[in-house]
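First up is the structure itself, then whatever we jot down about it.
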Amino acid sequence: MNGKQKQSYKYDKHKQRLFIIPARITSNVNNDILVIDRIYDDDDGRVVVLDREGQVKWTYQGNPQVNSGDKLFNPTDIVITSVGHVIVSDVNNHALHVLSGEGDVLTCKVMEDQGIIFPMSLDIDTKGQLWVGCHSGDDQRKDAKLHVIKMSF
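Residue 122 in the UniProt record's numbering sits at position 122 of the sequence shown, and the numbers go up by one each step.
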């Protein structure tokens with residue numbers, strides 16, 4: 001790398017700002033750019049997906065079955081499965097949102113009943129298992145956890 005900037009994404013085709021606080025970035029097999037964008041308040045966010053030309057393909061702002069009233073969509077991490085599905089952790093709602101590569105909701109599961117609370121970080125290992133890093137919910141507590149989930153879609 002020579003350190004030269006290759007591309008910059010700031011505004012959409014309508015001259016509207018694309019992001020407020022881009023917190024996580026990844027890409028998929030189509031070379032789309034997926035960004036978790038924090039909305040001013042720490043408890044609100046969205047997923048913005050751009051093509052390589054910087055045009056917005058789709059956005060996701062949560063599922064009304066999970067994110068309604070004061071239960072704002074609070075994404076903290078994002079991963080792409082081997083088949084192109086998008087998994088997003090929703091920390092304050094103890095949920096995992098699974099989307100198609102086109103942004104359609106495939107499932108949205110509150111994981112609290114399985115002991116998975118405050119999912120903060122995600123990764124998929126070489127065996128295709130989903131790793132979920134969970135916050136303890138209290139900065140004073142020391143009982144954060146990692147969970148391994150076998151996925152089947």
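Glycine included, every Cβ here is placed at the ideal spot set by N, Cα and C.
Limits of the unbroken beta strand (DSSP E) element including residue i
| i | result |
| --- | --- |
| Ser8 | From DSSP, Ser8 is part of no beta strand (DSSP E); its letter is neither H nor E. |
| Lys145 | Lys145 to Lys150 |
| Lys13 | Note, Lys13: premise wrong, no beta strand (DSSP E); not H, not E. |
| Thr26 | Ile21 to Ser27 |
| Asp104 | That residue, Asp104, is in no beta strand (DSSP E); it is neither H nor E in DSSP. |
| Val49 | Gly45 to Leu50 |
Given residue i as reference, the closest of the options once Cα atoms are compared
| i | options | result |
| --- | --- | --- |
| Val148 | Ile36, Trp131, Glu53 and His135 | Trp131 |
| Met111 | Lys6, Lys145, Asn31 and Asn93 | Asn93 |
| Lys109 | Ile20, Leu146 and Asn67 | Asn67 |
| Lys150 | Asp143, Arg24, Thr126 and Lys142 | Thr126 |
| Ser152 | Lys145, Ala144 and Ile87 | Ile87 |
| Pro64 | Thr26, Ala95 and Asp123 | Ala95 |
Residue i in three-state terms, based on DSSP
| i | result |
| --- | --- |
| Gln129 | strand |
Cβ-Cβ separation, residue j to residue i (assumed contact under 8 Å), whole Å
| i | j | result |
| --- | --- | --- |
| Asp32 | Leu50 | 7 Å |
| His97 | Asp104 | The Cβ separation is near 11 Å, so there is no contact. |
Any 3 or more C-beta pairs closer than 8 Å across the stretch 116-127 and the stretch 61-75: Touching, no, given that fewer than three Cβ pairs across the two stretches are closer than 8 Å.
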